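Below: the structure, in C-alpha cells.
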Amino acid sequence: MARVTIELPDRFVFSTRVPIYTSHINQSRHLDSVALLTLFAEARARMLAAIDYRRDNTDVAMIVADTAVTYRSEAFYGETLLFEIGAADFNKYGCDLVFRATVDGDGREVARGKNGVVFFDYRLKKPVSAPAAWVERLTATSLSSDILE
C-alpha cells in the first residue's frame with residue numbers, strides 16, 4: 002500500500018492550542034489515533050468560529066468528505082498541541098483544510114492531517130458552490146485563535 006503524503010500549504014491562516022487530556026491517551030500511554038481526529042475537529046471548529054462561519058441556511062452545510070492523517074511522533078498527557086490550519090486545493094464545492102500539529106514549546110511535529118470539505122445542500126441532496134465570503138476569509142486573512150485552552 003502506498004504511503005499517504007500530506008503537503009503543507011504555503012501559509013497557515015489559523016492556529017490554536019489544545020491540551021492533551023488523559024481521555025486522549027491510549028493503552029500505550031501516548032496520544033490515541035482516534036483522539037487525534039477529535040482534536041483536529043476541535044481545531045477546525047475554532048477556526049470556523051474565528052472566520053465567523055455559521056450555518057445560516059439550514060439546508061446547506063459544510064461537510065467533511067474525506068480525511069487523511071500522517072503521524073510523525075508520539076505526544077503525551079500534559080503536553081499542549083499547537084494546531085495550524087491552512088486551506089489548499091480550492092474547487093467549486095470546497096477545499097482541503099490542512100493541519101499541522103506540533104508540541105507547543107519544543108516544536109516537535111506530531112501529525113499532519115487533511116479534511117476535504119464540501120458544501121452540501123440537504124434539500125437538493127447534492128454538493129453546491131462554496132460561499133464566496135467563506136473562500137475569501139480563508140484566503141485573504143491570517144487569523145490567530147484567542148481560544149488557547
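In this note's numbering, the protein residues as written are 2 to 150. We put the beta carbon where it would ideally sit given N, CA and C, even for glycine. It should be emphasised that the depicted structure is a prediction, and the values quoted were computed from it without experimental measurement.
Less than 8 Å separating the beta-carbons of residue i and residue j?
i: T81; j: P132; result: no
i: R113; j: R101; result: yes
i: G87; j: V14; result: yes
i: I26; j: Y72; result: no
i: L9; j: V99; result: yes
i: V111; j: S74; result: yes
Which same chain residues end up closer than 6 Å to residue i when comparing Cβ atoms and leaving out the 5 residues on each side of it in sequence?
i: T68; result: N116
i: G106; result: none
i: T39; result: none
i: F41; result: F100, G114
i: T23; result: Y78
i: E85; result: F13, S16, R101
Among residues of its own chain, excluding the 5 on either side of residue i, which ones have a beta-carbon nearer than 8 Å to its beta-carbon?
i: E150; result: Confidence at E150 is low in this model, with a pLDDT of 41, below 50, so its placement is unreliable and the value that follows should be read with caution. These residues qualify, in order along the chain: R18, V19, P20, T81.
i: Y54; result: M63, W135, R138
i: H31; result: E75, A76, F77
Once you ignore the five residues that flank residue i on each side, which residues in its own chain have a CB closer than 7 Å to its CB?
i: V119; result: I64, A66, Y94, G95, P128
i: I148; result: Bear in mind that the predicted position of I148 carries a pLDDT of just 45, short of 50, making it unreliable; the figure below should be weighed with that in mind. Answer for I148: T17, R47, listed in chain order.
Who pairs with residue i in a beta bridge, going by DSSP?
i: G114; result: V70, F100
i: R174; result: No statement about residue 174 is possible, as the shown extent of the chain runs from 2 to 150 and does not include it.
i: V61; result: D122
i: K127; result: D122
i: I26; result: L32
i: G95; result: V119
i: S88; result: It is worth fixing the name first, because residue 88 is Ala in this sequence and not Ser. Its beta-bridge partners are L98.
If distances are taken between C-alpha atoms only, which option among the options comes closest to residue i?
i: A44; options: L83, I7, A134; result: L83
i: I7; options: I26, Y54, D90; result: D90
i: D33; options: A76, I52, V99; result: A76
i: E137; options: I52, R12, V99; result: I52
i: L139; options: R124, D97, V111, S130; result: D97
i: R124; options: S24, V61, H31; result: V61
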